[in-house]
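Asker: Pasting a structure here, questions to come.
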Amino acid sequence: TQAVGEILGFINGARTLEQLAEFGCFWWAPWGTEAKCKKRGLATGDLGPGSYGAAFHDFPTSEGKPHNQFKDIIEQIKEKPHLRTHFITPWIPQYMARGKGKQQKVVVCPCHGWIHLRVLNGKLTLHMFQRSGDVPVGVPANMIQYAALLLAIAQVTGFEPYEYVHTISDAHIYVDQISRVKEMLKREDRVFPTMTLKNKHQDIFQYRHTDFELSDYDPHPGIWDFPVAI
């Protein structure tokens, strides 16, 4: 629920803890503290102008008018599906720079969200490139949310959802996660569940986590004490 709520919040421009909570995502609280935000010159609870929501929904332009990436890409796919330029980025370079005289303007630099969409033979593929991935904790959530995003984009553009591809540049396991990862590796594989759209919309920005449904979900008992880097 939180994974899907997070990505839907981001494409709608959510960049504060309060805004993300409206989409059912609450796990950003440790990164939105007064101390974390103050370090980047931000108000408490503000993830920053370089965060996912700001990049996806309000990307700064030289003309001064914010650019809504998902709105334009969906229109482009509908009008010119054959193009190889259906690409979205979470990265606003000027807000990521650090060093002498520079101030990073985001609490956490985007780790995922470089999206390339392709329409081939009437079928839609979503390839998500990930800069950095916490494999046992963050990556499973990323897989869920971008698979959900593929279903939603396919629905609003009228194409069949075909394939979700996930590439990670820096895939890592933290030292304090190793014992729990070993426990996971002892478990037998189980078949992935099926995700479907319970409710269908024609506007990508109308989707909420309650519009998605999992079936055939048979997980092992949760390992709830996985440490996360903050």
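Quick note on the working numbering: the sequence shown kicks off at 4 and runs consecutively. Even glycine gets a Cβ: it sits at the ideal position worked out from N, Cα and C.
Note down the Cα distance separating residue 201 from residue 158, rounded to an integer number of angstroms.
Answerer: The straight-line gap from Cα to Cα measures roughly 12 Å.
Asker: Could you tell me which of 28, 227, 121 and 102 sits nearest to residue 77, measuring between CA atoms?
Answerer: Per the Cα distances, 121.
Asker: Any idea if residue 23 is buried or exposed, counting beta-carbon neighbours within 10 angstroms, 16 or more meaning buried?
Answerer: Label assigned to residue 23: buried.
Asker: Between residue 26 and residue 214, what straight-line distance do the alpha-carbon atoms span, to the nearest angstrom?
Answerer: One C-alpha to the other measures close to 12 Å.
Asker: Does residue 31 pass the burial test, meaning 16 or more other C-beta atoms within 10 Å, or should it be called exposed?
Answerer: Counting Cβ neighbours within 10 Å, residue 31 comes out buried, since at least 16 surround it.
Asker: Kindly indicate the opening and closing residues of the alpha helix (DSSP H) around residue 55.
Answerer: Looking at the DSSP string, the run of the alpha helix (DSSP H) that includes residue 55 is 55-60.
Asker: Going by DSSP, name the residue or residues bridged to residue 117.
Answerer: Residue 117 is bridged to 132.
Asker: Please report the straight-line C-alpha distance between residue 51 and residue 130, rounded to a whole angstrom.
Answerer: Cα-Cα distance, rounded: 26 Å.
Asker: Identify every run of the beta strand (DSSP E) within the segment 162-195, keeping only runs that are complete inside it and at least 3 residues long; order them along the chain.
Answerer: Entirely contained in the segment 162-195, the beta strand (DSSP E) runs reaching 3 residues are, in chain order, 163-175.
Asker: DSSP three-state label for residue 160, please.
Answerer: Looking at residue 160 - three-state DSSP - the assignment turns out to be helix.
Asker: Just how far apart, CA to CA, sit residue 170 and residue 221?
Answerer: Each residue's Cα considered, the two are about 26 Å apart.
Asker: Label residue 9 either buried or exposed according to how many other C-beta atoms from any shown protein chain fall within 10 Å of its C-beta, with 16 as the threshold for buried.
Answerer: Buried, by the Cβ-count rule.
Asker: Exposed or buried, which one is residue 54 when buried takes at least 16 other CB atoms within 10 Å?
Answerer: The residue in question, residue 54, is buried, as its Cβ has 16 or more Cβ neighbours within 10 Å.
Asker: Select from 89, 147, 93 and 96 the residue whose C-alpha is nearest the C-alpha of residue 123.
Answerer: Here the closest residue by C-alpha is 89.
Asker: So, with DSSP's three-state summary, where would you put residue 86?
Answerer: Three-state result, residue 86: coil.
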